[in-house]
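Letter 79 of the sequence shown, counting from 1, is numbered 116 in this note's numbering, and no numbers are missing.
Data first, discussion second: the structure below is written as structure tokens.
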Amino acid sequence: LNGILRSNGVVKVFGKSVDDKNLRWVRSKVGLVFQNPDDQLFSPTLFEDVAFGPTNMGYSEAEVGESVTKALNWVEMAGYEQRSPHHLSVGEKKRTAIATVLSMTPEILVIDEPTSNLDPRSKWSLIGLLKRLPMTKIVASHDLELVQALCQRVIVLDHGQVVADGTTNHILADKPLLAAHGLAPAEVA
Numbered sequence: 038l039n040g041i042l043r044s045n046g047v048v049k050v051f052g053k054s055v056d057d058k059n060l061r062w063v064r065s066k067v068g069l070v071f072q073n074p075d076d077q078l079f080s081p082t083l084f085e086d087v088a089f090g091p092t093n094m095g096y097s098e099a100e101v102g103e104s105v106t107k108a109l110n111w112v113e114m115a116g117y118e119q120r121s122p123h124h125l126s127v128g129e130k131k132r133t134a135i136a137t138v139l140s141m142t143p144e145i146l147v148i149d150e151p152t153s154n155l156d157p158r159s160k161w162s163l164i165g166l167l168k169r170l171p172m173t174k175i176v177a178s179h180d181l182e183l184v185q186a187l188c189q190r191v192i193v194l195d196h197g198q199v200v201a202d203g204t205t206n207h208i209l210a211d212k213p214l215l216a217a218h219g220l221a222p223a224e225v226a
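Dropping the structure here:
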């Protein structure tokens, strides 16, 4: 969706193909948060990590500062600007990784397994944060509690193929479908 991996078919974002000539534009619209926040955080401070995208997109210094402040506020990490990401909990790192994308104000937020490796308190706190974000969210997850709490529509993929597409309630109620594709029902998860 943002051009990191090449697809076999045609992927379009807001009607434009995800290809080399549109890549910068697509990346201004679609933000990607990796499953492992350590893959996304590499600077000495949170401020520098969150500022990386806006700086590279050509924002002015004032715009960068404003974007960083706004993004850290969204994820409830204000006051951590000078902390090293390597001294954060997994939940704090996940929030910071989300802030690195929010700082570029995407219209679509793609999040890979956002609740993996989180304790229950951190998981539900992150779900609450994601629910409050105003942009469209595309979530890749095996966590059916997250899916039930956050998503209106579910697409089940198995080996790269769409095997089901429907409302969350409809898909999660189909126990044979979930079992056939290695997904535990939400109440068992």
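Where a beta carbon is used, it is the ideal one built from N, C-alpha and C, also for glycine.
Computed from a predicted structure; not experimentally measured.
Once the 5 residues before and after residue i are set aside, which same chain residues still bring their CB inside 7 angstroms of it?
i: H218; result: V193, D195 and V200
i: E144; result: K66, M172 and T173
Using 7 angstroms as the limit for Cβ to Cβ distance, is residue i near chain C?
i: M114; result: No chain C appears in this structure, which consists of one protein chain only.
What residue from the options has the CA that sits closest to residue i's CA?
i: Q77; options: V67, A177, R158 and G90; result: G90
i: G73; options: H179, N59 and T152; result: This sequence places Asn at residue 73; Gly is not what is there. Looking at the Cα atoms, T152 is the closest of the given residues.
i: T142; options: D57, M94, K58 and L214; result: M94
i: F79; options: H123, E118 and K212; result: H123
i: L69; options: G197, D202, F84 and E150; result: E150
Please state whether DSSP places residue i in a helix, a strand or coil.
i: V27; result: The question about residue 27 has no answer, for the chain in this structure spans 38 to 226.
i: S54; result: strand
i: Q185; result: helix
i: V112; result: coil
Might you give, ordered along the chain, the residues of its own chain that have their beta carbon closer than 8 angstroms to the beta carbon of residue i, omitting 5 neighbours on each side?
i: I175; result: L38, I145, L146, V147 and I148
i: T204; result: Q189, R190 and V191
i: L187; result: I164, L167, K168, K174 and V176
i: V112; result: R132, T133, I135, A136, L139 and L166
Under 6 angstroms from any heavy atom of the ligand ATP, does the C-beta of residue i make it?
i: D56; result: The model depicted lacks the ligand ATP and carries no ligand whatsoever.
If we call anything under 7 angstroms between Cβ atoms a contact, is residue i one with residue j?
i: V87; j: S140; result: yes
Looking only at its own chain, which residues have a Cβ that is under 6 angstroms from the Cβ of residue i, when we skip the five neighbours before and after it?
i: N154; result: V127
Original post:
Per the contact definition of three or more C-beta pairs closer than 8 angstroms, is the stretch 48-55 in contact with the stretch 130-143?
Top reply: no
Subject >> Segment contact, 8 angstroms Cβ cut-off, at least three pairs: the stretch 134-152 with the stretch 105-124 >> reply: yes
**OP:** Check whether the stretch 151-166 touches the stretch 176-187, taking contact to mean three or more Cβ pairs, one atom from each stretch, closer than 8 angstroms.
**Re:** yes
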